[in-house]
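Here the structure comes first, spelled out in structure tokens, and everything after it is commentary.
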Amino acid sequence: MADDLFRALADPTRRTILDELAERSGQTLFEICARLSMRHGLGISRQAVSQHLAVLEAAGLVETRREGRCKFHDLNTDPLRHIAERWPVPDTPEPEDGTP
Amino acid sequence: MKIHLTSVFVDDQAKALRFYTEILGFVKKHDVPVGEQDRWLTVVSPEEPGGTELLLEPARHPAARTYRDTLVEDGIPLAQFAVDDVEEEYERLSALGVRFTQKPVEMGPVTTAVLDDTCGNLIQIATRPQ
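As given, the protein sequences belong to chains A and B, one line each in that order.
Just so we're aligned: 45 in full-length UniProt numbering is position 45 of the first sequence, and the numbers increase by one with no gaps anywhere.
Just so we're aligned: 34 in full-length UniProt numbering is position 34 of the second sequence, and the numbers increase by one with no gaps anywhere.
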């Protein structure tokens, strides 16, 4: 699970896909491809985007659902908790840097 | 050479005519019986009555089903229509019960959205290029 997660996050295109799904969850493959191409200048084939989505899905970061005849992709950030569990982030913020 | 007519395959011509005229706002141009059950059925934009016609063609051919189903699954539209304001048109059509598979998104110079024509196709609307 953890290896899948880190492998999925290691690729900049896949991180961009996650950024776009964070902006709006529930996108068709067509919308994801259009966003990558029009907003990020990434001219990637539909097949390649499908493969990236498969990697993200294997890591649990993307989930798919069918609605009618269409397939939609949703973001799931739950697996990211594994990172914080492995390298815990302190709950309390650092003390203010006000003292000399 | 110019584009005089283009077509979409529709499940049901009568239903398609209602959707394309009553909901999208096109007007019927030709309606000629062909064979026993089909019609040569075209619509045009009221803004351009002499412009490109859209043929609402019966999707009876077995290949049409596979072709459309596969594209619809991935959200790929089969035609694109220009509108002045995608956001406004999205609101208007949503209020009429139209289902969108892609809500309006800014894509560089244009804004696009994708809707279900209820006759087996996805249609993209986009801001009219200036």
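Cβ atoms here follow ideal geometry from the backbone N, Cα and C, with glycine treated the same way.
Sub-9 Å separation of residue i and residue j beta-carbons
i     : j      : result
V10/B : E53/B  : no
T21/B : K15/B  : no
L29/A : T16/A  : no
E31/A : G75/B  : yes
R14/A : A22/A  : no
R46/A : G108/B : no
L78/B : T101/B : no
Q80/B : I125/B : yes
L56/A : L80/A  : no
Within chain A, partners of residue i - CB distance below 7 Å
i     : result
E73/B : R69, C70 and K71
Closer than 9 Å at the beta carbon, the chain B residues around residue i
i     : result
A34/A : Q102, V105, M107 and T112
R39/A : V105, E106, M107 and G108
Proximal chain B residues relative to residue i, where beta-carbon distance stays under 8 Å
i     : result
L21/A : Result: empty, since nearest Cβ-Cβ is about 12 Å, beyond 8 Å.
E63/A : By Cβ distance, chain B contributes nothing, its closest Cβ being about 16 Å from E63/A, past 8 Å.
E57/A : Within 8 Å Cβ-Cβ: nothing; E57/A doesn't reach chain B, min ~15 Å.
Same chain, Cβ closer than 7 Å to residue i, five either side skipped, listed in chain order
i             : result
V72/B         : L122
residue 102/A : No information on residue 102/A is available, as it lies outside the stretch 1 to 100 that chain A covers here.
K103/B        : Y90 and A113
L17/B         : K28, L41 and L56
I3/B          : T52
Within chain B, the residues that residue i reaches when beta carbons sit closer than 7 Å
i     : result
T28/A : D74, G75, T101 and Q102
E85/A : Residues of chain B passing the Cβ test: none, with the nearest at roughly 35 Å.
Contacts around residue i, its chain only, beta-carbon distance under 8 Å, and the 5 residues preceding and following it disregarded
i             : result
F19/B         : D117, T118 and C119
D78/A         : G60
F26/B         : Y20, V43, V44, S45, P46 and L54
residue 141/B : Not covered by the structure: residue 141/B. The range shown for chain B is 1 to 130.
C33/A         : I44, R46 and V49
S94/B         : F100
Beta-carbon proximity list for residue i, same chain, < 6 Å, skipping 5 on both sides
i     : result
D74/A : S25, G26 and E63
R99/B : D116
A64/B : F9
Listed by chain order, chain A residues near residue i by CB distance under 9 Å
i     : result
D69/B : R69
Whole-number beta carbon distance between residue j and residue i, since they are thought to touch under 8 Å
i     : j      : result
R69/A : D69/B  : 6 Å
A2/A  : H82/A  : 6 Å
D84/B : R128/B : 6 Å
A58/A : D4/A   : 5 Å
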